[in-house]
Amino acid sequence: MSRRILAAGNWKMNKTPSEATALINELKEKVSNAKNEVLVCPPFVCIPDVCRVAAGTNISVGAQNLYYEDKGAYTGEVSAQMLLDLGVKYVIIGHSERREYFNETNDIVNKKVIQAIKNNLIPVICVGETLEQREDGVTFDFIRTQVKIALRSVCAQDAANLVIAYEPIWAIGTGKVATSEQANEVCADIRRCIAGIYDENTAQSIRILYGGSVNKDCAAELFAMSDIDGGLVGGASLKAEDFSIIADA
Ligand code: PEP
1 MSRRILAAGN WKMNKTPSEA TALINELKEK VSNAKNEVLV CPPFVCIPDV CRVAAGTNIS
61 VGAQNLYYED KGAYTGEVSA QMLLDLGVKY VIIGHSERRE YFNETNDIVN KKVIQAIKNN
121 LIPVICVGET LEQREDGVTF DFIRTQVKIA LRSVCAQDAA NLVIAYEPIW AIGTGKVATS
181 EQANEVCADI RRCIAGIYDE NTAQSIRILY GGSVNKDCAA ELFAMSDIDG GLVGGASLKA
241 EDFSIIADA
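Okay, here's the thing in structure tokens:
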């Protein structure tokens, strides 16, 4: 089964709406013939401008988070319907920064995944181990737990369409990229885990990205690995030139 490579940019808390508009204007020219699917995930307040400038281009727009309730008294939160109404297609869920700084548990991640699917948003579910867990030899067990809980009550048909991003925490924003072999063996194990929960077809459909200091020089080697279907890119997605190279890798 052929899975289209996805180059996903996570802008985190960077770029004002005017800066975001300028970046998309620059990026849209550079990626107009990109080989890979191109996705940008700007901060919430930039999404309306980014959707407007990206309309009619090959750039899809994602959010970095959502809340798991439909609507109501949840001050400061953003719902799936609000995102959908703006033209958002994907939503990052359970990024390690949200797990670490905003106490997002596996159960919360699961509720958000279900809410995204219910509203036709494609979840990009982030999983990944700390350096200590890697050194303790519990990486596979830890990640399988994250995957299994994130997908609780998700049917095979919905699972087949979503995206998982394997992001070792020790590689995020540190400049320390996992080797292609290290990244691929975990992505392959995530795929085996999906096959165990569902079936081989679902496992072969799901896209599994690698994230952690992906840059223009290492992207092609990573994306050529058997079980890596693209990248979730932080720092390098803030530069149009670098991200366009990754979008073509
Ligand atoms: C990320 O934002 O998910 C990420 C992997 O960041 P960076 O590429 O900067 O390490």
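The letter at position 168 of the sequence shown is residue 168 when you use my numbering, and the numbering goes up by one with no holes. We put the CB at the ideal spot given by N, CA and C, even for glycine.
Here the C-alpha atom of Ala54 lies approximately 32 Å from the C-alpha atom of Val147.
The beta carbon of Asp227 sits closer than 7 Å to those of Asn184, Cys187, Ala188, Arg191 and Ile208, all from its chain and outside the five residues before and after it, given in chain order.
Only residues of its own chain outside the window of five on either side were considered, and among them Gly9 and Phe243 have a CB closer than 6 Å to the CB of Ser237, listed in chain order. The Cβ neighbour count for Lys112, taken over all protein chains shown within 10 Å, is at least 16; the residue is labelled buried. With contacts defined as CB atoms closer than 7 Å, Ala165 and Thr202 fail to qualify as a contacting pair.
Secondary structure in the stretch 168-221: the beta strand (DSSP E) runs of 3 residues or longer, each lying completely within the stretch, are 207-211 in chain order. Counting only the Cα atoms, Glu167 lies some 17 Å from Asn103.
Assignment of beta-bridge partners to Gly231 by DSSP yields Ala7 and Tyr210. Taking 4 residues as the shortest admissible run, the stretch 110-179 contains the following complete alpha helix (DSSP H) segments, listed from N- to C-terminal end: 131-135, 139-150 and 156-161. A direct Cα-to-Cα measurement between Lys28 and Ile246 gives close to 14 Å. For Ala80 against Asn119, the beta-carbon gap comes to about 4 Å, under 8 Å, which counts as contact.
Non-local beta-carbon contacts of Thr21 in its own chain, meaning distances under 6 Å to residues more than five positions away in sequence, involve Asp49 and Val53 in chain order. Between Gly212 and Ile172, the C-beta gap is smaller than 7 Å, which places the two residues in contact. For the pair Trp11 and Glu200, the Cα-to-Cα distance works out to about 33 Å.
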